[in-house]
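Chemist: The structure that follows is given in the form of structure tokens.
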Amino acid sequence: MPVDYLPQHPEREHWDVIIVGTGMGGSTVGYELARRGRRVLFLEKGKLLHGDPGASVPPPPAADLAELRMGAGCWPLPLQGETSFGKIEFYAPWGCGSGGSTSIYGAQLERFSPADFRPRANFPDVPDANLPERWPISYDELVPYYRRAEALYRVYGTPDPLNPDPDTSLRVPPPLSARDQVLYESFLQLGLHPYRSHVGFDYGQACRECLRHCAQGCKSDAGRVCLMPALTHHGARILPECEVLALVADNGRVSAVRGRWKGAEITIPANAVVLAAGALMTPLLLLNSRSSRWANGLANRSGQVGRNLMLHTSDYVAIDPGEWYSAQGPVRAVALNDFYVDDGQKLGNLQSLGFPEALGPSFMLEYLRFIEVKEPHWWRRLTHPFLPLVARLAPRVLRRASLFATIVEDLPLERNRILPDPNAWNGMRFEYQYTRELWSRNRRFRKRIAEVLSSRHRVTVVTGSRNNLNYGHVCGTCRFGEDPATSVLDGTNRAHDLDNLYVVDASFFPSSGGTNPSLTIAANALRVGGIIHDRLP
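Below is the structure:
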């Protein structure tokens, strides 16, 4: 690792801003602050996997060894919790290392809809949902930052006809495969409004649209786009493999961050602290930062820290064009929002994932095992022996089809939460109840897709009806809002009761929206970066 990135004695220096985490929120806000001349220090639990020719990035290991997973940029320890389906323990699809989860994400960079910023109006008949009337910022306020984020993350695609922006900077995507072109034209003929998916890939000659750490640099992950430029061009510094333990705070300010680095505890002072450790680890850090002043956890006067945990649900739908066509072309190719709000019912986005024929049974087996690990142990024992057979048969049965994914909005419920637990792998566990209301909207989405498309295409639901929770889209556990009694952060993402503490990961979402969260996190981080800069001395 280049030593220029590492401060020799970080605890002896006073930083303008310390940022905990280098995922989409942390890297983006850090880049914005560093390019404005601020002294920025990133604290990252994982390894620095970008910008180091000697970094080892092996494939995900067969053995569940934490160090091997860290080397692959994957979260090292199992997630533990209890859901409506029973107690579970599995490896969540999270990153750990430079770029955070963006190093292993699918780079789908979609905007939220204007309707997402007025969540209560979308669900007037769900009284137990802890939904605000509106976000403390509007869609129109975020539009300039959406445009900046799309340019910064080099997003390819075409405008969404149902939410057009004439001033967007979307790049021209490569041509569709013959198969997806047939589907695209068919959707138009059915009166739908498809568009080219908004994705962050440079589509170089060898680009495979990786779902792993991209060694070729094709993918617009936060490590490549923001973290490394902040380090190499704007003077930011980083402590990789640094475990943050707690924040040190007095009555109204955070004075320092306490962590463990190189086997020793260190306390690092800063003028401001930004948390971007993810929607499970950020609230855990606040809850663990107790003191006589903050008996229930830092910034937790409202009691909302760790609560209102939201995921998304995602079903996989195979759409058969009717005969065989070449699939040579981009994998994440087509999306549509015709079902985002369907006859007054809020559903979500439909987007293609392709069905790479070259990956065949191995791809399907990995996917099936990813689904299986979210189930209780008894269910795994029942289904596990059949997975290889299903993996061999599925590509043959669905060989002509293109695979699409639904994204359905989850709602905030106070009882869905994370809890500190020193006996758990990550020092925490979570509780989540899958409601009948969410199950009903999932079923409706699948039904509507079949109703609209079945006149032209065979539609096969690959998943559904059971545990389709998307743990890659965790959000909501440090919500922002206008009322300090019901929210953790204000409209600038600053903690209501602390002058210099901010949260910019998906924890801040007061509602989960109906599409991928990454672009909204990035756009908001650019907004908050400017606010922090203006407030610093």
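Just so we're aligned: the sequence shown equals residues 235 to 771 in this note's numbering.
Backbone N, C-alpha and C define an ideal beta-carbon position, used for all residues, glycine too.
1) Does the contact criterion of 3 or more C-beta pairs under 8 Å hold for the stretch 447 to 460 versus the stretch 252 to 272?
2) Does the stretch 316 to 323 come within contact of the stretch 498 to 512, defined as at least 3 CB pairs closer than 8 Å?
3) From the DSSP output, in three-state form, read off Gly-288 for me.
4) Identify whether Glu-367 lies in helix, strand or coil by the three-state DSSP scheme.
5) Return the first residue and the last residue of the beta strand (DSSP E) that Gln-314 is part of.
6) With DSSP as the reference, label Glu-591 as helix, strand or coil.
7) Ignoring anything shorter than 4 residues or poking outside the stretch 458 to 541, list the alpha helix (DSSP H) runs there in chain order.
8) Quickly, what does DSSP pair Arg-649 with across the bridge? List them, please.
9) Determine, using beta carbons only, whether Gln-585 and Thr-720 come nearer to each other than 8 Å.
10) Excluding five sequence neighbours on each side, which residues of the same chain lie with their C-beta closer than 6 Å to the C-beta of Tyr-379?
11) Between which two residues does the alpha helix (DSSP H) harbouring Leu-386 extend?
12) DSSP on Glu-266, reduced to helix/strand/coil?
13) Determine, using beta carbons only, whether Tyr-506 and Phe-435 come nearer to each other than 8 Å.
14) Identify every run of the alpha helix (DSSP H) within the stretch 640 to 687, keeping only runs that are complete inside it and at least 4 residues long; order them along the chain.
15) Rounded to the nearest angstrom, what separates Pro-474 and Ile-252 at their Cα positions?
16) Beta-carbon within less than 7 Å of Gly-763's beta-carbon, same chain only, minus the 5 sequence neighbours each way: which residues are those?
17) Give me, in chain order, the residues of the same chain whose beta-carbon lies closer than 7 Å to that of Pro-395; leave out the 5 immediate sequence neighbours on both sides.
18) If I measure Cβ to Cβ from Cys-692 and keep anything under 7 Å in the same chain, skipping five residues before and after, which residues do I get?
19) Which stretch, first to last residue, makes up the beta strand (DSSP E) that contains Tyr-705?
20) Assign Asn-583 to one of three DSSP states: helix, strand, or coil.
21) Within a Cβ cutoff of 6 Å, which residues of the same chain sit near Pro-361, ignoring the five residues on either side of it in sequence?
22) Look at the Cβ atom of Trp-751, then the Cβ atom of Cys-709, and state whether they are nearer than 8 Å.
23) Taking the alpha carbon of Asn-522 as the point to measure from, which residue in Ala-504, Asp-731, Met-544 and Arg-492 has its own alpha carbon closest?
24) Taking Leu-570 and Phe-421 to be in contact with their CB atoms under 8 Å, please state how far apart those CB atoms are, rounded to whole angstroms.
25) Return the Cβ separation of Leu-545 and Asn-534 in integer angstroms, given the expectation that the two are a contact with Cβ distance under 8 Å.
26) Distance check for Tyr-559 and Arg-413, CA to CA, integer angstroms please.
27) Just to confirm before moving on: does the CB-CB distance between Ala-567 and Leu-410 stay below 8 Å?
28) If we count the other Cβ atoms within 10 Å of its Cβ and call it buried at 16 or more, is Ala-297 buried or exposed?
29) Go through the stretch 401 to 436 residue by residue and report every complete run of the alpha helix (DSSP H) that reaches 4 residues or more, in order.
30) Straight-line CA distance for Arg-446 to Ile-338?
31) On a Cα-Cα basis, can you pick out the residue from Gln-667, Leu-302 and Cys-330 that is closest to Thr-660?
32) Closer than 8 Å by C-beta to Asp-401: which residues in its own chain qualify, once you throw out the five before and the five after it? Chain order, please.
33) Put Asp-774 into one of helix, strand or coil per three-state DSSP.
34) DSSP puts Asp-576 in a beta bridge; with which residues?
35) For Gly-255, which option in Pro-244, Ser-526, Val-274 and Cys-441 has the closest C-alpha, if you only look at C-alpha atoms?
36) Take Ala-300 as the anchor and find which of Asn-356, Tyr-325 and Pro-358 has the nearest alpha-carbon.
Modeler: Once the coordinates are examined:
1) yes
2) no
3) Residue 288 sits at position 54 when you count from the first residue of the sequence shown. With a pLDDT of 47 at Gly-288, under the threshold of 50, the predicted position of this residue should be treated as unreliable, and no value is reported.
4) The sequence position of residue 367 within the sequence shown is 133, counting from 1. Of the three classes helix, strand and coil, the one that applies to Glu-367 here is coil, per DSSP.
5) Looking up residue 314 in the sequence shown gives position 80. It spans 313 to 317 - the beta strand (DSSP E) in which Gln-314 sits, taken as one unbroken run.
6) Your numbering for residue 591 matches position 357 in the sequence shown. Residue placement at Glu-591 cannot be trusted, given a pLDDT of 49 that sits under 50; the coordinates are not used to answer.
7) 462 to 467 and 515 to 522
8) The residue given as residue 649 occupies position 415 in the sequence shown. Its beta-bridge partners do not exist; DSSP assigns none.
9) Walking along the sequence shown from the start, residue 585 turns up at place 351. Walking along the sequence shown from the start, residue 720 turns up at place 486. For Gln-585 and Thr-720, no; Cβs fall outside 8 Å.
10) For the purposes of this step, residue 379 is taken as residue 145 along the sequence shown, with counting starting at 1. So the list reads Ala-757, Leu-760 and Arg-761, once near-sequence residues are dropped.
11) Residue mapping note: residue 386 aligns to position 152 of the sequence shown, counting from 1. Residues 373 to 386.
12) As a first step, residue 266 must be located in the sequence shown, where it is residue number 32. DSSP places Glu-266 in helix when its eight states are reduced to three.
13) What you label residue 506 is simply residue 272 of the sequence shown in a count that begins at 1. What you label residue 435 is simply residue 201 of the sequence shown in a count that begins at 1. The sequence given here places Ala at residue 506; Tyr does not occur at that position. No, Cβ-Cβ distance for Ala-506 and Phe-435 is not below 8 Å.
14) 670 to 687
15) Sequence index remark: in the sequence shown, residue 474 carries index 240 (1-based). Sequence index remark: in the sequence shown, residue 252 carries index 18 (1-based). Distance between the alpha carbons of Pro-474 and Ile-252 is about 13 Å.
16) Numbered from its first residue, the sequence shown carries residue 763 at position 529. The answer, listed in chain order, is Val-263, Glu-266 and Leu-267.
17) Here residue 395 corresponds to residue number 161 of the sequence shown, with the count starting at 1. Contacts found: His-427 and Tyr-429.
18) What you label residue 692 is simply residue 458 of the sequence shown in a count that begins at 1. Sequence inspection shows Arg at residue 692; the Cys mentioned does not correspond to that position. Excluding residues within five positions, the ones whose Cβ falls inside 7 Å are Asp-554.
19) As a position in the sequence shown, residue 705 is number 471, starting the count at 1. Looking at the DSSP string, the run of the beta strand (DSSP E) that includes Tyr-705 is 703 to 709.
20) The residue given as residue 583 occupies position 349 in the sequence shown. Correct three-state label for Asn-583: strand.
21) Mapped onto the sequence shown, residue 361 falls at position 127. No residues qualify anywhere along the chain.
22) For the purposes of this step, residue 751 is identified with residue 517 of the sequence shown, where counting begins at 1. For the purposes of this step, residue 709 is identified with residue 475 of the sequence shown, where counting begins at 1. Note on residue identity: the sequence assigns Pro, not Trp, to residue 751. The answer is yes: Cβ separation under 8 Å.
23) In the sequence shown, the residue the question calls residue 522 occupies position 288. It is Arg-492 whose Cα lies nearest to the Cα of Asn-522.
24) Residue mapping note: residue 570 aligns to position 336 of the sequence shown, counting from 1. Residue mapping note: residue 421 aligns to position 187 of the sequence shown, counting from 1. Rounded, the Cβ-Cβ distance is 6 Å, consistent with contact.
25) Mapped onto the sequence shown, residue 545 falls at position 311. Mapped onto the sequence shown, residue 534 falls at position 300. That belief does not hold up - the Cβ atoms of Leu-545 and Asn-534 are roughly 22 Å apart, past 8 Å.
26) The residue given as residue 413 occupies position 179 in the sequence shown. The residue given as residue 559 occupies position 325 in the sequence shown. Near 5 Å, if we compare the C-alpha coordinates of Tyr-559 and Arg-413.
27) Here residue 567 refers to the residue found at position 333 of the sequence shown. Here residue 410 refers to the residue found at position 176 of the sequence shown. In contact: Ala-567 and Leu-410 (Cβ atoms closer than 8 Å).
28) Along the sequence shown, read from residue 1 onward, the residue named residue 297 stands at position 63. For Ala-297, the predicted model reports a pLDDT of 45, less than 50, meaning its position is unreliable; a value from the coordinates is still stated below. Exposed, by the Cβ-count rule.
29) 412 to 423
30) For the purposes of this step, residue 446 is taken as residue 212 along the sequence shown, with counting starting at 1. For the purposes of this step, residue 338 is taken as residue 104 along the sequence shown, with counting starting at 1. Taking the straight line joining both Cα atoms gives about 4 Å.
31) Numbered from its first residue, the sequence shown carries residue 660 at position 426. Before going on, a small fix: residue 660 reads as Asn here, not Thr. Cα-wise, what sits closest to Asn-660 is Cys-330.
32) Taking the first residue of the sequence shown as position 1, residue 401 is located at position 167. Contacts found: Arg-381.
33) The structure shown does not extend to residue 774, since the chain spans only 235 to 771, so no value can be given for it.
34) Position 342 of the sequence shown, counting from 1, holds the residue named residue 576. The partner list for Asp-576 (beta bridge, DSSP) reads Gln-579.
35) Position 21 of the sequence shown, counted from the start, is the residue given in the question as residue 255. The candidate whose alpha carbon is nearest that of Gly-255 is Val-274.
36) Numbered from 1 along the sequence shown, position 66 holds the residue referred to as residue 300. Nearest of Asn-356, Tyr-325 and Pro-358 to Ala-300, Cα basis: Tyr-325.
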